[in-house]
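Reviewing the structure listed below.
Numbering (our numbering), first residue to last: 29 to 129.
Structural data, given as structure tokens:
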């Protein structure tokens, strides 16, 4: 149950906090916000993994589940990056074109 709650907590944070923060950003501001949110997520993921190290060592190992750190990174990719990927590509192209001009 704790493993499932860990995943639910991360997904809840990503969908209720990170996605709305990215939703109203465009262009270079979207890229900056995404980079900042990614850095924050990596820190949160690292500390959550440390808090639940026992879970990682025993429960995850014996049930052949992804490690907590991997599950946290995958959650960011699935619930955040996949939603803003197209906008990020457009923003990167726009920033490149602005630098060329």
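We put the beta carbon where it would ideally sit given N, CA and C, even for glycine.
Under 9 Å between C-beta atoms of residue i and residue j
| i | j | result |
| --- | --- | --- |
| residue 65 | residue 39 | no |
| residue 96 | residue 73 | yes |
Delimiting residues of the alpha helix (DSSP H) encompassing residue i
| i | result |
| --- | --- |
| residue 31 | 30 to 41 |
| residue 48 | 47 to 51 |
| residue 85 | Run containing residue 85: none; DSSP gives neither H nor E here. |
| residue 115 | 110 to 128 |
Of the listed residues the options, nearest to residue i (C-alpha basis)
| i | options | result |
| --- | --- | --- |
| residue 41 | 30, 57, 98, 68 | 68 |
| residue 33 | 62, 127, 83, 122 | 83 |
| residue 126 | 29, 113, 55, 44 | 55 |
Neighbour-count burial assignment, residue i, 16 or more Cβ in a 10 Å radius
| i | result |
| --- | --- |
| residue 117 | exposed |
| residue 129 | exposed |
| residue 63 | exposed |
Cα-Cα separation, residue i to residue j
| i | j | result |
| --- | --- | --- |
| residue 50 | residue 57 | 9 Å |
| residue 53 | residue 98 | 27 Å |
| residue 76 | residue 106 | 18 Å |
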